[in-house]
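K.L.:
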Amino acid sequence: MENIKRVRKAVIPAAGWGTRFLPATKAMPKEMLPIVDTPTIQYIVKEAVESGIEQICLITSHTKKAIEDHFDRTFELEALLEKGGKTEELRQIREIAEMVQVVTVRQQEAKGLGHAVLCAKAFVGDEPFAVLLGDDVVFSDEKPCLKQLIDVYESTGGSVLGVQTVAHENICKYGCVDGEKIGDRTYTVNDMVEKPRPEEAPTDVAVLGRYIITPEIFEKLENTAPGAGGEIQLTDALRALAKEQSMYAYDFVGRRYDVGDRLGFLQATVEYALRRSDLRDSFGAYLKEIAQTL
Ligand code: G1P
Numbered sequence: 219m220e221n222i223k224r225v226r227k228a229v230i231p232a233a234g235w236g237t238r239f240l241p242a243t244k245a246m247p248k249e250m251l252p253i254v255d256t257p258t259i260q261y262i263v264k265e266a267v268e269s270g271i272e273q274i275c276l277i278t279s280h281t282k283k284a285i286e287d288h289f290d291r292t293f294e295l296e297a298l299l300e301k302g303g304k305t306e307e308l309r310q311i312r313e314i315a316e317m318v319q320v321v322t323v324r325q326q327e328a329k330g331l332g333h334a335v336l337c338a339k340a341f342v343g344d345e346p347f348a349v350l351l352g353d354d355v356v357f358s359d360e361k362p363c364l365k366q367l368i369d370v371y372e373s374t375g376g377s378v379l380g381v382q383t384v385a386h387e388n389i390c391k392y393g394c395v396d397g398e399k400i401g402d403r404t405y406t407v408n409d410m411v412e413k414p415r416p417e418e419a420p421t422d423v424a425v426l427g428r429y430i431i432t433p434e435i436f437e438k439l440e441n442t443a444p445g446a447g448g449e450i451q452l453t454d455a456l457r458a459l460a461k462e463q464s465m466y467a468y469d470f471v472g473r474r475y476d477v478g479d480r481l482g483f484l485q486a487t488v489e490y491a492l493r494r495s496d497l498r499d500s501f502g503a504y505l506k507e508i509a510q511t512l
């Protein structure tokens, strides 16, 4: 398609308090909680980079300095590792800082996800951009989840929401998409509703923390009144945008974990550990042994 700009920028909202994970998040950003040995936010940033994203804007708050430090260089540590001949560790920590250009914008008041995305207006400018939510970690051994959405954007030119069908009783935790199925995995988005009660939900198709959005969303966000939970909802602005532009939802391929939830976090920890060649055998044997005692 002509006139379609490449998706180069991503916004990662990371200003929330992480109340679902207290007490761990009392003094530490929830995005820094490690799955095995890697902070959850690093999985998200890596997915963006592997999808072709060149610049990332993290929306943070004053309690999130550790995230900024994580993506910066640490010269003292590098010198120490170099001196100790720890070349693999040195490679790993340099890679984090060199992976992509990361900028941060402070969200000064916790006014919701829509407001957090609005904070990235100047960073995004007049381009389509990606949004990745830190509570949703997606494992895919083929094409990264975000790249799957970018491909749909490039063939349609419309905003694309990453979705999967969830159990009916769980739709109340998500943005819900009302639309028509137009392909194997693709829907048009006619309407959306944020966290509907199951009896009111038009479908069980849930938005799972990945979006490609056209820049016209900013004007919608500026005119979105507080919605569910008294917060400015991204879903409400997307809904307004869907009335004016074609919008799509794509049922992405991949295993998604809600790492903002204790059970989801534990599942991610176990499954990521079992995918690691250095841990699979010993950890798998331990799990088998302990499972027999349950
Ligand atoms: C947010 C969005 C919701 C989306 C969900 C995915 O909700 O508002 O539309 O389905 O993320 O994880 P939150 O979980 O931040 O309340």
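Mapping to the working numbering: the sequence shown position 250 is 468, numbers consecutive.
A virtual CB, placed ideally from N, CA and C, is assigned to each residue, including glycine.
1. Can we say the region 452 to 472 touches the region 390 to 407, given the rule of at least three CB pairs closer than 8 Å?
2. Answer yes or no: the CB of A424 versus the heavy atoms of the ligand G1P, is any distance below 7 Å?
3. Give the straight-line distance between the Cα atoms of V263 and F341, rounded to the nearest whole angstrom.
4. Can you tell me whether Y475 sits near the ligand G1P, meaning its C-beta is under 7 Å from at least one heavy atom of the ligand?
5. Relative to the alpha-carbon of Y468, which residue among E286, Q260, Y371 has its alpha-carbon at the smallest distance?
6. Would Y504 and V378 qualify as a contact pair, given that the criterion is a beta-carbon distance under 8 Å?
7. At a threshold of 7 Å, does T453 count as lining the ligand G1P (C-beta to nearest heavy atom)?
8. Taking the continuous alpha helix (DSSP H) assigned at C363, which residues delimit it?
9. Would you be able to state if there are at least three C-beta pairs under 8 Å between the region 489 to 496 and the region 421 to 434?
10. Give me, in chain order, the residues of the same chain whose beta-carbon lies closer than 6 Å to that of K413; leave out the 5 immediate sequence neighbours on both sides.
11. Would you check if the distance between the CB atom of A491 and the CB atom of M410 is smaller than 8 Å?
12. Among all the DSSP beta bridges, which residues are the ones paired with Q382?
P.N.:
To lay it out plainly:
1. A contact exists between the region 452 to 472 and the region 390 to 407.
2. Along the sequence shown, one-based indexing puts residue 424 at 206. Checking every heavy atom of the ligand G1P against the Cβ of A424, one is found closer than 7 Å.
3. Locating residue 263 in the sequence shown gives position 45, counting from the first residue. Locating residue 341 in the sequence shown gives position 123, counting from the first residue. Answer to the nearest angstrom: the Cα atoms are 17 Å apart.
4. As a first step, residue 475 is located in the sequence shown; it is residue number 257 there, counting from the start. No, the ligand G1P has no heavy atom inside 7 Å of this Cβ.
5. If you number the sequence shown from 1, residue 468 lands on position 250. The shortest C-alpha separation from Y468 is found at Y371.
6. The residue you call residue 504 lines up with position 286 of the sequence shown. The residue you call residue 378 lines up with position 160 of the sequence shown. Going by C-beta atoms, Y504 is not nearer than 8 Å to V378.
7. As a working mapping, residue 453 is identified with position 235 in the sequence shown. The answer is yes for T453.
8. Residue 363 sits at position 145 when you count from the first residue of the sequence shown. From DSSP, the alpha helix (DSSP H) with C363 extends over 363 to 374.
9. no
10. Your numbering for residue 413 matches position 195 in the sequence shown. Cβ neighbours of K413 beyond the five flanking positions: C390, A446.
11. Position 273 of the sequence shown holds residue 491. Position 192 of the sequence shown holds residue 410. Contact flag unset, no.
12. Position 164 of the sequence shown, counting from 1, holds the residue named residue 382. DSSP, once it has assigned bridges, lists A424 as partnering Q382.
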